[in-house]
Amino acid sequence: MDTPLAIFSGTSNPALARAIAEEYGTALGEVTIKKFSDGELYCKYEQSIRGEDIFVVQSTPPPGDNIIELLLLLDAAKRASVKRVTAVMPYFGYARQDRKDQPRVSIGSKLMANLLVKAGADRVLTMDLHAAQIQGFFDIPLDHLYASRAFIDHFTSNPIDNLVVVAPDVGSLKMARSYSKKLGASLAFIDKRRPKANQSEIMNLIGEVKGKNVLIVDDLIDTAGTLTNAAAALKERGALNIIAICTHPILSGPAFQRIEDSPIDELLVTDTVQLRQPSDKIKVLSIANIFAEAIQRIHTNDTISALFDN
Ligand code: R5P
Numbered sequence: 001m002d003t004p005l006a007i008f009s010g011t012s013n014p015a016l017a018r019a020i021a022e023e024y025g026t027a028l029g030e031v032t033i034k035k036f037s038d039g040e041l042y043c044k045y046e047q048s049i050r051g052e053d054i055f056v057v058q059s060t061p062p063p064g065d066n067i068i069e070l071l072l073l074l075d076a077a078k079r080a081s082v083k084r085v086t087a088v089m090p091y092f093g094y095a096r097q098d099r100k101d102q103p104r105v106s107i108g109s110k111l112m113a114n115l116l117v118k119a120g121a122d123r124v125l126t127m128d129l130h131a132a133q134i135q136g137f138f139d140i141p142l143d144h145l146y147a148s149r150a151f152i153d154h155f156t157s158n159p160i161d162n163l164v165v166v167a168p169d170v171g172s173l174k175m176a177r178s179y180s181k182k183l184g185a186s187l188a189f190i191d192k193r194r195p196k197a198n199q200s201e202i203m204n205l206i207g208e209v210k211g212k213n214v215l216i217v218d219d220l221i222d223t224a225g226t227l228t229n230a231a232a233a234l235k236e237r238g239a240l241n242i243i244a245i246c247t248h249p250i251l252s253g254p255a256f257q258r259i260e261d262s263p264i265d266e267l268l269v270t271d272t273v274q275l276r277q278p279s280d281k282i283k284v285l286s287i288a289n290i291f292a293e294a295i296q297r298i299h300t301n302d303t304i305s306a307l308f309d310n
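Using UniProt numbering, the first residue of the sequence shown is number 1, and each one after it goes up by one.
1. Quick check: is any heavy atom of the ligand R5P less than 6 Å from the C-beta of alanine 224?
2. Closer than 8 Å by C-beta to aspartate 265: which residues in its own chain qualify, once you throw out the five before and the five after it? Chain order, please.
3. From Gly184, Leu16, Asp222, Ile245, pick the residue whose C-alpha is nearest to that of alanine 255; which is it?
4. At 4 residues or longer, what runs of the alpha helix (DSSP H) sit wholly inside the stretch 239 to 292?
5. Would you say the beta carbon of isoleucine 221 comes nearer than 6 Å to a heavy atom of the ligand R5P?
6. Can you tell me which residues form a DSSP beta bridge with glutamate 201?
7. Pick from Arg177, Ala131, Lys182, Glu260: whose alpha carbon is nearest that of phenylalanine 155?
8. Tell me the rounded alpha-carbon separation between alanine 188 and lysine 83.
9. Per DSSP, which residues does aspartate 218 bridge with? Please list them.
10. Could you tell me if lysine 212 is buried or exposed, where buried requires 16 or more neighbouring beta carbons within 10 angstroms of its beta carbon?
11. Can you tell me whether glutamine 277 is buried or exposed? The criterion is at least 16 other CB atoms within 10 Å of its CB, across all chains shown.
12. Out of curiosity, what's the CA-to-CA distance linking isoleucine 162 and alanine 239?
13. Starting from the C-beta of arginine 149, find all residues in its chain whose C-beta is less than 7 Å away, skip the five residues before and the five after it, and write them out in chain order.
14. Locate the beta strand (DSSP E) running through tyrosine 94, then write down its first and last residues.
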């Protein structure tokens, strides 16, 4: 595309947006985001974007202001006559609400998809969706990236022997299977029950962990109940070192304390969302280069399927 490109950031994770722009070889575009006295948001591009191919980087964990900010930025871009605007959502919030699993509940991720399209998004670029099927909620192109490249690179430089990869619930099994193949490790999984939201109970462990180093993989950690219950159960069953990886470290409520008190030796996360506080047990791997490469390929209409290898 001969069209000029510009990358802008919302306020949810400016450090990541800066890193993506830097990896791409440009500076972030200028935008003003402020609030009226009552908290209402206001967004304005401070440079002309007429006819440009723009990328707005904004993860959407709570608070709801993050998604509203993104919607306002998309709307402002459309009204400023951009050629194309891509919503770059390293973490796509509300992805957990992806089906009507009980009567009288909403499908939050479908609602978010409708809002993004209505606000003017021409494309969406995101990573490790809670359920890949969410792509089908969009009638515009959506590119779904995987953080596995960052984690696999890390374990290639820091190999772990005698390894079993563990899925802490059935939802993570596909991801765990892919890691076990790539790392040449065996596979185990936990049969988890969720009596209510944010509460998890372990029912069974399927697979062998005794005398093995363990790698627990998950797409996101919220209260860390799933992760730390899994780690405790694995330790009880004779696991040696326990390492965990997760793409989106939401880490709300008791999460940090639970991780601190757990038998987990190290937790590797990415920077799709900003860590609320530092922790000796948590190490952050950046996925900025993966997003920068995807943006470059989208901009030049090159295939990005090379980045879809999970
Ligand atoms: C569940 O399906 C997800 O993959 C995560 O395991 C879950 O959402 C994490 O939640 P929490 O940390 O609150 O247990």
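We put the beta carbon where it would ideally sit given N, CA and C, even for glycine. From a predicted model like this one, the values you see are computed outputs, not experimental measurements.
Based on what the coordinates show:
1. Your numbering for residue 224 matches position 224 in the sequence shown. At least one heavy atom of the ligand R5P is nearer than 6 Å to the Cβ of alanine 224, so yes.
2. For this step, residue 265 is matched to residue 265 along the sequence shown. Asn241, Ile242, Ile243, Lys281, listed in sequence order.
3. For this step, residue 255 is matched to residue 255 along the sequence shown. Of the listed residues, the one whose Cα sits closest to alanine 255 is Asp222.
4. 255 to 261
5. Taking the first residue of the sequence shown as position 1, residue 221 is located at position 221. Yes, since a heavy atom of the ligand R5P falls inside the 6 Å radius drawn around the Cβ of isoleucine 221.
6. Residue mapping note: residue 201 aligns to position 201 of the sequence shown, counting from 1. In the DSSP output, where bridge partners are listed per residue, glutamate 201 has Arg193.
7. Numbered from its first residue, the sequence shown carries residue 155 at position 155. Looking from the CA of phenylalanine 155, the closest CA among Arg177, Ala131, Lys182, Glu260 belongs to Lys182.
8. What you label residue 188 is simply residue 188 of the sequence shown in a count that begins at 1. What you label residue 83 is simply residue 83 of the sequence shown in a count that begins at 1. Near 48 Å, if we compare the C-alpha coordinates of lysine 83 and alanine 188.
9. The residue labelled residue 218 in the question sits at position 218 within the sequence shown. Cys246.
10. Sequence index remark: in the sequence shown, residue 212 carries index 212 (1-based). With 16 or more other Cβ atoms within 10 Å, it is buried.
11. Looking up residue 277 in the sequence shown gives position 277. With fewer than 16 Cβ atoms within 10 Å of its Cβ, glutamine 277 is classed as exposed.
12. As a working note, residue 162 is residue 162 in the sequence shown. As a working note, residue 239 is residue 239 in the sequence shown. Checking the sequence, you will find asparagine at residue 162 rather than isoleucine. Rounded to the nearest angstrom, the two C-alpha atoms are 11 Å apart.
13. Along the sequence shown, read from residue 1 onward, the residue named residue 149 stands at position 149. So the list reads Ile290, once near-sequence residues are dropped.
14. Counted from its first residue, the sequence shown places residue 94 at position 94. Element bounds for tyrosine 94: n/a, residue is neither H nor E.
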